[in-house]
Amino acid sequence: MKIVIIYNHKGGVAKTTTTINTATFLSAYYDKKICIIDCDDYQWTTYEKYQGEKEKVLKSYNNDPEKILKAIEEKEIVDNDVEKCLMEDFDDKLLEIQNKNYDYVFVDLGNRTLKEAKAAFSKADQIVVPYSNDQDEINEALKFYEAIEEVFPLVPIYCLVLKIEANRVSKHNKIKEILSASNNIKYYDSIILKRQRYIETKSFFYPLDYQTEYDDVKYGLISFTKELLEKTA
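The sequence shown lines up with residues 1 to 233 when you count with the numbering used here.
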């Protein structure tokens, strides 16, 4: 069971969207058993969105258990678990789910601080810090990266560039080279482009289309999930 946290101090960097889409993608196309734990107990946004979408999905199959099971078996929809957890109960939650044979557990922390979420960060098998075009976003990502390295030196941490336009890929690759050399920052080779379907579409049940992602194989979820699997093997 690998624990992955996609996190940045700054809001609006698509960390929750990336978490949900990656979890659904891994389940649909790589047959991974997934759990998402929502530890943002200030509002439980991820858990509530899951419950809302679940209700709509069940209704679309007339709440018929046989139809729903068939849809899962035929991979029309995926069947990931989403649970909520108080931060102080995180260790107990891991004990509770350890016998469920999950391949990956994604932890959504909302905008919690490093100190508040220490229990989760200390248990992570990997932390992914996303950022995009904004210079402040990059600076905050680097500060957080360095703070994690200082507090949890044994936890693998990588930056991920996402939500950028295709014509800015070359520039960001140069930035990655500079920061890797000057600050010893580790990166995902993958870059996830800014695309209408990616930014506005996220689903716990319906994965992004594989062929569409394949058309952007170097700049989408196929590349990112393959790297994630390799880095957490």
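By construction, the Cβ of each residue, glycine as well, lies at the ideal position given by its N, Cα and C atoms. Bear in mind that the values here come from a model prediction, so they are computed numbers and not experimental data.
Is the segment 218-230 touching the segment 41-59 in the sense that three or more CB pairs, one from each, lie closer than 8 Å? no
In chain order, each beta strand (DSSP E) run of at least 3 residues that lies wholly inside the segment 170-227: 187-193
In this structure, does DSSP put Val78 in helix, strand or coil? coil
Once you ignore the five residues that flank Asp79 on each side, which residues in its own chain have a CB closer than 7 Å to its CB? Ile72
Whole-angstrom distance between Thr17 and Ile199, CA atom to CA atom: Only weak support exists for where Ile199 lies, its pLDDT of 47 falling under 50; the value from the coordinates is given anyway. Ile199 and Thr17: Cα-Cα distance of roughly 7 Å.
Euclidean distance between Cα positions of Glu55 and Lys84: 17 Å
Using DSSP with H/G/I as helix, E/B as strand and the rest coil, what is Asp89? The answer is helix: DSSP assigns Asp89 an H, G or I state.
Report yes if the C-beta distance between Glu165 and Lys10 is below 9 Å; otherwise report no. no
With a cut-off of 8 Å, do at least 3 Cβ pairs link the segment 203-215 to the segment 175-189? No, the segment 203-215 does not touch the segment 175-189.
Residue interval of the alpha helix (DSSP H) (run including Phe121): Lys118 to Lys123
For the alpha helix (DSSP H) holding Pro65, just list the boundary residues, first then last. Pro65 to Glu73
Please name the residue, chosen from Gly52, Asp91, Asp64 and Val82, that lies closest to Thr24 on a Cα-to-Cα basis. Val82
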